[in-house]
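Here's the structure, in structure tokens; my notes come after.
In the numbering used here, the protein residues as written are 136 to 468.
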């Protein structure tokens, strides 16, 4: 039985409708028969955002931009998301770019775990999107700064390349001289005699250390002989005892015990010594001034001359006595 034209048209429309629904599902658009949840947010400006742009939660497509309208000095954006999407009361909406040449999308954050799910139709917090023109201007300024820096670096390298080159040339000359054995460092590196001398010194040190370990020689005996250690311990003990005795003597002196302690602590002795010094000072002053017998003996030149003559006369008499001259000489001899 042949289908009528009306039936064929009806079947075509049904198939086309089903294909349209499938296309909507495949491209991630809204499910036609699902009940979407709407939220509102507002921005100072929405550069490039348009109806139908995707809405994403942490990078996952959850809806689309439903409406855009100007309210006062701000632009309100209405978004529709799938049922069950965890949009919280502290979720933040931001307009972002998929790429510099791509489309815009509204990005939503999860919000805090402790906060409640935002009721449908509520106004979500927003974060202003970066201005692409401002970013490009900053990039242009940064590029200019980079060019200036590169120019300065090139100029600095041009000025410093000559000293660096000269330094490398000097290092190359030094390395060649060392390789040829020239100079002190070259001889140290290339002369086998130095190596043999170092080996000889090492051998001598090895033999000396063996002798010390065996207790041979003075140093070996000092290291290996216990008698030296015992003598040192005895000496340390004696010194400790001497120090103790000295400490006790000092304590006795400080406390005024004994003759030395009395001399140090007794003020009577100090006063007597001070009076004696005062007397000596007075006597020396009188002698200096020529007062008294001793002062005259020290200061009177006439008395000194008389005494010198008397001594000479006495000396002459003694010589006569020794020769047996005179009465006294005859009596003695």
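We put the beta carbon where it would ideally sit given N, CA and C, even for glycine.
Shown here, residue 298 sits in a helix according to DSSP, grouped into three states. In the three-state reduction of the DSSP assignment, residue 249 falls in the coil class, being assigned neither a helical nor a strand state. With distances taken between CA atoms, residue 223 lies nearest to 257 out of 151, 273, 257. Inclusion of residue 241 and residue 214 in the CB contact set at 8 Å is warranted, their separation being smaller than that value.
Each of 193, 420, 373, 230 was checked against the Cα of residue 179, and the nearest Cα belongs to 230. A straight line joining the alpha-carbon of residue 210 with that of residue 177 spans about 5 Å. The bridge partners DSSP lists for residue 172 are 216. Distance from the CA of residue 250 to the CA of residue 202, rounded to the nearest whole angstrom, comes to 27 Å. Closest in alpha carbon position to residue 171, among 255, 186, 259, is 255.
Residues of the same chain with a CB within less than 8 Å of the CB of residue 316, apart from the 5 flanking positions on each side, are 322, 324, 325, 326 in chain order. Distances from the alpha-carbon of residue 260 to those of 238, 228, 233 put 228 closest. For residue 193, the three-state secondary structure derived from DSSP is coil. Using a Cβ distance threshold of 8 Å, residue 190 and residue 221 do not count as a contacting pair.
A Cβ-Cβ contact shorter than 8 Å links residue 246 with residue 226. Residue 227: member of the beta strand (DSSP E) spanning 227-232, first to last residue.
Beta-bridge analysis with DSSP links residue 198 to 190, 216. Around the beta carbon of residue 280, fewer than 16 other beta carbons lie within 10 angstroms, which makes this residue exposed. Cα atoms of residue 216 and residue 198: separation of roughly 4 Å, rounded to the nearest angstrom. Put simply, of 200, 298, 154, 147 the residue whose alpha carbon is nearest the alpha carbon of residue 173 is 200. According to the DSSP assignment, residue 242 belongs to the beta strand (DSSP E) that extends over 239-243. If you draw a straight line from the Cα of residue 374 to the Cα of residue 381, it comes to about 10 Å. Look at residue 222 here: in three-state DSSP terms it is coil, with no helix or strand label.
Per DSSP, reduced to three states, the secondary structure at residue 257 is coil, with no helix or strand assignment. Boundaries of the alpha helix (DSSP H) around residue 324: 318-325. Looking from the CA of residue 218, the closest CA among 238, 196, 408 belongs to 196.
Runs of alpha helix (DSSP H) with 4 or more residues, each lying fully within the segment 322-372, are found at 327-349, 352-359, listed in chain order.
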